[in-house]
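For reference, the structure discussed in these notes is given below.
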């Protein structure tokens, strides 16, 4: 905008200077000037006018090119909006079914959005029409240039008014655009979260079914006797059955995001706000209830781990005791028949105990294998999610880098063009100033020569008159 103002000021100054020169020639000002000085003035004026005309033509050509490109882009986007609205109407509003109430709500929201767009369009058109009228007035004034300070001051005020109006309009549109960008980003995040959530439903259902089949094939239900399990394990399993599994009734996507944010804040209450940002479909009450459930889940899971560890320790101690009893029984001399019978009974009891211990150990192994397999599935799923997230992050960074590079190139090109225009305008102004200085100098020289010749002529007349007398 500053470059445009400079060009207009230079053009107006050139026109005013030309008008002043024409007026001086018509009234006979500077009659003592030599023909050479008039010829030089004409050369400078013609050269400056040609350069100014070429600059204006180049500027108009660039403006027309940008305007045509903008119009093509606007038409393309307009057609895309029309097609999207047609698809939307065919998928939502033309269907009759159980979701008619939701469809009517969408129609109401759409009508509000359309009215808002119409109001905004009318406001923008009004602002642009005002700027357009001011530019037309300025163009009309430039057609009838008057070499007066008041006229130049009036032109300057009109150009400043137009420039301020354009800058104000651009600033308002920039703020609106930034706000729309923020809303678009928030909406895209919510849509992405909902999309990933829907995808995770199908994925979690298939993986849960596979895990259940694998565990069922490896650990038959009829071989795991609930009565042989510790009370803490039974309490934990009962808690999971009553509250909806290891996610507390939530789907895997919501629960994993909840755990990730909670671990990030180390369980502090401040994590609630960030959880609600990551889970747009959940309310604050649901998150608080899930937090209470998760605290109890962690406590019961810790008790279960301690119980399993204690159970392993006791089983190992019993195994060692049985082994010691076996060694002791083997070392006792069998002297009497009744002792042999007692030994036989002890051996049978030992074998039974060993058999029970082995069966218990096998059951524990089955449980551990099933838990390990489920943990592996969970780790693989988390790893895949992290990789997908990393790929998306790298892709976004690539797009941002490309956009930044393109924007930087465009800014550099604009700055280069503005600098070139300023330099050309400054050169034209310097040429005009030099021409004015030369013209004034020639006038002063011509005036001095005329005075000198007049003085000489007077002396000669005086001498002739004196000689006659």
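Numbering (mature numbering (1 follows the signal peptide of the UniProt record, and there is no 0)), first residue to last: -18 to -1, 1 to 451.
Ideal Cβ placement from N, Cα and C applies to all residues, glycine included.
- Restricted to the segment 258 to 345, the alpha helix (DSSP H) segments that are unbroken, complete and at least 4 residues in length are 266 to 313, listed in chain order.
- Under the Cβ criterion (8 Å, minimum of three pairs), the segment 286 to 294 does not count as touching the segment 264 to 273.
- In the structure shown, residue 226 adopts coil according to DSSP, grouped into three states.
- Exposure of residue 181 is indicated by the presence of fewer than 16 other C-beta atoms within 10 angstroms of its C-beta.
- About 18 Å separates the beta carbon of residue 343 from that of residue 286, a gap too long to meet the 8 Å contact definition.
- Sixteen is the threshold: when 16 or more other Cβ atoms of the shown chains lie within 10 Å of the Cβ of residue 244, as they do, the residue is buried.
- The C-alpha of residue 265 is placed about 26 Å away from the C-alpha of residue 163.
- Put simply, of 120, 175, 399 and 222 the residue whose alpha carbon is nearest the alpha carbon of residue 139 is 120.
- In this structure, the CA atom of residue 427 is about 45 Å from the CA atom of residue 397.
- In this structure residue 230 is buried. Its beta-carbon is surrounded by 16 or more other beta-carbon atoms within 10 angstroms.
- In summary, residue 214 is buried, with 16 or more beta-carbon neighbours lying within 10 Å of its beta-carbon over all protein chains present.
- Residue environment for residue 34: buried (at least 16 other C-beta atoms within 10 angstroms of its C-beta).
- When only Cα atoms are considered, residue 387 and residue 379 end up about 12 Å apart.
- In the three-state reduction of the DSSP assignment, residue 128 falls in the coil class, being assigned neither a helical nor a strand state.
- Taken atom to atom, the span from the alpha-carbon of residue 173 to that of residue 254 is near 21 Å.
- Per the coordinates, the alpha-carbon of residue 348 lies some 10 Å from the alpha-carbon of residue 354.
- Ranked by Cα distance from residue 148, the first of 112, 118 and 233 is 112.
- Out of 331, 176, 249 and 280, the CA that lies nearest to the CA of residue 219 is found in 280.
- The shortest C-alpha to C-alpha distance from residue 159 to any of 102, 133, 125 and 124 is the one to 102.
- Taking all protein chains shown into account, residue 97 has fewer than 16 neighbouring C-beta atoms within 10 Å of its C-beta and is therefore exposed.
- In the displayed model, residue 252 falls within coil according to three-state DSSP, outside both helix and strand.
- In chain order, 235 place their CB closer than 6 Å to the CB of residue 179, counting only its own chain and leaving out the 5 sequence neighbours on each side.
- Residue 131 and residue 145 have their C-alpha atoms spaced approximately 21 Å apart.
- In the three-state reduction of the DSSP assignment, residue 122 falls in the helix class.
- Non-local beta-carbon contacts of residue 217 in its own chain, meaning distances under 7 Å to residues more than five positions away in sequence, involve 282 in chain order.
- A residue is called buried when at least 16 other Cβ atoms come within 10 angstroms of its Cβ; residue 105 does not meet this threshold and is exposed.
- The three-state secondary structure of residue 40, taken from DSSP, is helix.
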